[in-house]
Amino acid sequence: MNTPSFHDVEQLSAYLDGQLSQAEKTRLETRLQLDPSLVATLADLRQARSILRRTPRRRSPRSFTLTPIMAGIKPPVPRAVPALGWASAAAMVLFVLTLGTNILGQISFGANAPMLSAAPITSEGYGLGGGPAATQPPASDNSQVLPTPEPNTLTGPEATPPGESRLAQPPAPSSTKASSQPVSIWIYVWLGLALILIAGALLIRLISDRSFRRKADSKRNS
Amino acid sequence: MDEPALIRNAQHGDLDAFNTLVLAYQDIVYNTALRILGDEDLAADASQDAFISAFRALNSYRGGSFRAWLLRTVTNACYDELRRKQRHPTTPLEPETEDGDEMETPRWLADPDGTPEDLLDKAEVEHAIQHCLENLPTDFRTVVILADIQGLDYTEVASILKKPLGTVKSRLARARLRLRECLQSFGELLPSAFRLEEERTV
């Protein structure tokens, strides 16, 4: 008994599955009648196929249905969230504007403060014949126009070298008038509002996400 | 089940429609993965991955057998898993003596193949088949699982594996012969119902 070639085995396997053309099938069936080795091989192939076809089927150990998260579906954004986001952005803009206005106001107030304070200083220093007026040489026209910062007025001429321009002196850092410019209450109002709105939007989003996941899980379990 | 309608709805993002399809096909998908991988946990993971990939790639489905399309996805997931296993082979934790030598216990000394009698006791027919399947090269194993266990025709198998029809035919013939030899080695382990029963019918 000859051992079938691999081509024969291939043909026999395809014959078993009905994959041969009519001509191939007829030719093979003729050979099968003459060659017992082909019959034996066909029986082997058939047995293998039969056993495989009867392989026990397992039930899947769990449900493979997808949750929206697994499927990459994002939970819907509640309508309130974008509204709160925009409101928060508006509050932030107002906060920045108010802050900017306040800073500009302080700068301009700081620049004006010496001029505003010049009158009383002049009246004290020059008008009443105080320290600086008595000891200093007569000031030039420019120096008279320029305001004298308060600290220098208070510390007297010994702090200012003669002939040094008073322009170079730093503006009154501890000027009680400048620092007493009130910070607008609106800065706090807008900042607080912006933060509250952001927190609100986040909270709503969090609650919505949780609810979405809970619903998805309960749907999947049911 | 109106499968085409469910597929259409799922393609438009209807997750409930897709999940109906999942429920219909999950056993086929899981069994295919189980036979290719030979491990229940890995098969479950591969099946889940396959359904996730299938949902995301659903718009690439252009008609034809949805079952074949799904089986292609799970086959790819199994190949990924096998490649991952090859890159990061895992070894079981083995007990060691104080000197660092491997501890000799009956469990660790046992022949992994076991005798036919042992296999008969613990594994029944399914385990014999799985054992023989795992001895086949992956490509041969997949062909025989798809054709003989899942009952797909040659054209479907060729389309799933993206191989020529001739390759499928040749691999299936080789795989059947090798499985026959392997199963023969189990001798009387196989119940009589599994012996040449079909020979009379063809």
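Top line first, the protein sequences correspond to chains A and B.
Counting in numbering that gives the first Met the number 0, the first sequence runs without a single skipped number right up to 221 at its last residue.
Counting in numbering that gives the first Met the number 0, the second sequence runs without a single skipped number right up to 201 at its last residue.
All residues carry an ideal CB built from backbone N, CA and C; glycine is no exception.
Since the model is a prediction, treat every value here as computed from it, not as a measurement.
Along the chain, where does the alpha helix (DSSP H) that runs through residue i open and close?
i	result
Asn30(B)	Leu14 to Leu36
Val142(B)	Thr137 to Val143
Lys84(B)	Phe65 to Arg86
Leu51(A)	Pro35 to Arg52
Pro3(B)	Glu2 to Gln10
Gln18(A)	First-last for Gln18(A): undefined, no H or E at that position.
Arg55(B)	Glu39 to Arg55
Tell me whether the beta-carbon of residue i lies closer than 8 Å to the beta-carbon of residue j.
i	j	result
Ala193(A)	Met91(A)	yes
Phe94(A)	Ile184(A)	no
Tyr29(B)	Arg66(B)	no
Thr29(A)	Ile148(B)	no
Thr31(B)	Ala53(B)	no
Leu132(B)	Leu70(B)	no
Ala47(A)	Arg170(B)	no
Gly191(A)	Arg55(B)	no
Leu15(A)	Arg45(A)	yes
Leu83(A)	Ala200(A)	yes
Ile197(A)	Ser87(A)	yes
Ser36(A)	Thr64(A)	no
Lys168(B)	Ala13(A)	yes
Asn134(B)	Cys77(B)	no
Leu27(A)	Val38(A)	no
Val143(B)	Leu51(A)	yes
Gln18(A)	Tyr153(B)	yes
Thr100(A)	Trp189(A)	no
Glu80(B)	Leu41(B)	yes
Select from the options the residue whose C-alpha is nearest the C-alpha of residue i.
i	options	result
Pro136(B)	Leu164(B), Asn30(B), Ala174(B) and Asp147(B)	Ala174(B)
Ala45(B)	Arg86(B), Thr74(B) and His11(B)	Thr74(B)
Thr141(B)	Val124(B), Thr166(B) and Ala127(B)	Thr166(B)
Asp43(A)	Gly104(A), Lys214(A) and Val8(A)	Val8(A)
Leu57(B)	Val21(B), Ala43(B) and Asn134(B)	Val21(B)
Lys84(B)	Ser184(B), Phe17(B), Leu36(B) and Glu180(B)	Leu36(B)
Phe50(B)	Thr66(A), Arg45(A) and Pro75(A)	Thr66(A)
Glu23(A)	Arg61(A), Gln10(A) and Asp16(A)	Gln10(A)
Ala16(B)	Asp26(B), Phe139(B) and Glu2(B)	Glu2(B)
Val80(A)	Leu103(A), Gly99(A), Leu202(A) and Lys73(A)	Leu202(A)
Gln183(B)	Lys168(B), Ile159(B), Ala127(B) and Glu155(B)	Ala127(B)
Ala43(B)	Gly17(A), Ser59(A) and Ile106(A)	Ser59(A)
Arg177(B)	Thr40(A), Leu33(A) and Gln21(A)	Thr40(A)
Gly63(B)	Ala172(B), Leu33(B), Asp13(B) and Ser158(B)	Ser158(B)
Arg213(A)	Gly104(A), Ser4(A), Pro74(A) and Trp85(A)	Pro74(A)
Ser4(A)	Thr25(A), Asp34(A), Gly104(A) and Gln21(A)	Asp34(A)
Leu151(B)	Asp38(B), Asn18(B) and Trp68(B)	Trp68(B)
His130(B)	Asp38(B), Ala4(B) and Gln10(B)	Asp38(B)
Phe185(B)	Glu125(B), Leu164(B) and Asp138(B)	Glu125(B)
Ile27(B)	Gln10(B), Asp138(B), Gln47(B) and Ala9(B)	Gln47(B)
Arg204(A)	Ile195(A), Arg78(A), Gln105(A) and Ile102(A)	Arg78(A)
8 Å is my cut-off, CB to CB: does residue i come that close to chain D?
i	result
Gly199(A)	The chain labelled as chain D is not found among the protein chains of the depicted structure, namely A and B.
For residue i, is the beta carbon positioned less than 7 Å from some heavy atom of the ligand NAP?
i	result
Leu83(A)	Summarising the ligand content, the structure contains no ligands, and the ligand NAP is consequently not present.
Ordered list of alpha helix (DSSP H) runs contained in the region 126 to 181 of chain B, each at least 4 residues: 137 to 143 and 153 to 160
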